[in-house]
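Student: In our numbering, the protein residues as written are 41 to 364.
Think of the CB as a built atom: it goes at the ideal place given N, C-alpha and C, for glycine as much as any other residue.
It should be emphasised that the depicted structure is a prediction, and the values quoted were computed from it without experimental measurement.
Below you will find the structure I want to go over with you.
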């Protein structure tokens, strides 16, 4: 675990930096979200191919098999597009903490979706139910404390719909990825999702380019856009290596710790309204509940998947995710 600390620190710094870069880009309102995401996907595909995924994707499998795998990735690409467009939109409408705290209910939404679809048949334990209650209570306490500041909302126009769409697309994407990527390496799935996302973002980029009233992109915005691409590609690579270097529970702790750090840094340096003490208590409760829930689910999954000799079955990949 100690050997993984430098990698975890690098992943953390990259993750937090990308959140602030994306926030500033979104509020600059002169860079097309579609073009930015198109560039990120294109460079991610190029990086994954150059770092050794070409033999896996294009040589080991027959052309028919590769086409079928691409078809599997297309629904994920559509959900990915909605998820990241709405994420950038929320940066314009409200502070970062509103989005990150709201996202704590995503694991609970994932469980509800899996249960409704018959994909999750195991009963919840008292521990996981307690974690769910703690997460929801923390989010409610945060919201109660934030009501006095109006949630720091910059523009209420469509925020509820955008945030709801963001949470739903994120939950659906997580569930789909969990079950669709079981029979291929995580790196290949990431490659195919980014590859099939290119046409979606290309169409959006063309529409944005042809719309009237486009603002001039200055040097600082161009620099932020370039940094966003570099950081996005770095996260794609670092997330995979970090997940291999530590167990799932530790990665969940790291991911949630980064979100708390992002909220704290945004409160100090982001120019937003201060987060009330009551809301901070809600944040800590919600994130603690989310971490504990992720840990218990990871332990349950490990127990279920291991065979008689305690080994993981083949074909269950680690997922590579970009986080906010």
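1) In chain order, what residues of the same chain have a beta carbon less than 7 Å from the beta carbon of residue 154, not counting five sequence neighbours either side?
2) Across the stretch 128-137 and the stretch 237-252, are there enough close Cβ pairs to call them in contact, namely three or more that are closer than 8 Å?
3) Would you report the Cα separation of residue 91 and residue 232, rounded to the nearest angstrom?
4) What do you get for residue 260, buried or exposed, if any count of 16 or more other CB atoms within 10 angstroms of its CB means buried?
5) Return the residue from the list 75, 48, 112 and 56 that minimises the CA-CA distance to residue 365.
6) Quick check on DSSP: helix, strand or coil for residue 225?
7) So, for residue 219: in the same chain, excluding its five sequence neighbours on each side, which residues have a beta-carbon less than 7 Å away from its beta-carbon?
8) Residue ranges of each beta strand (DSSP E) run of no fewer than 3 residues wholly in the stretch 269-323, ordered along the chain?
9) Are the Cβ atoms of residue 323 and residue 202 separated by less than 8 Å?
10) Among 86, 82 and 149, which residue has its Cα nearest to the Cα of residue 211?
11) Below 8 Å on the Cβ atoms is my guess for residue 337 versus residue 175; work out the distance and round it to an integer in Å.
12) Spatial neighbours of residue 110 within its chain, please: C-beta separation below 8 Å, excluding the five flanking residues on both sides.
13) Find out if the Cβ-Cβ distance for the pair residue 44, residue 266 is shorter than 8 Å.
14) Grab me the residues of residue 125's own chain with a C-beta within less than 6 Å of its C-beta, minus the 5 sequence neighbours each way, in chain order.
15) In chain order, what residues of the same chain have a beta carbon less than 7 Å from the beta carbon of residue 244, not counting five sequence neighbours either side?
16) Mapping DSSP to helix, strand and coil, what is residue 85?
Tutor: The answer reads as follows:
1) 160 and 215
2) no
3) 15 Å
4) exposed
5) The question about residue 365 has no answer here: the residues shown for the chain are numbered 41 through 364.
6) coil
7) 159
8) none
9) no
10) 149
11) In fact, because the Cβ distance is near 12 Å, the residues do not count as touching under 8 Å.
12) 232, 235 and 236
13) no
14) 73
15) 74
16) helix
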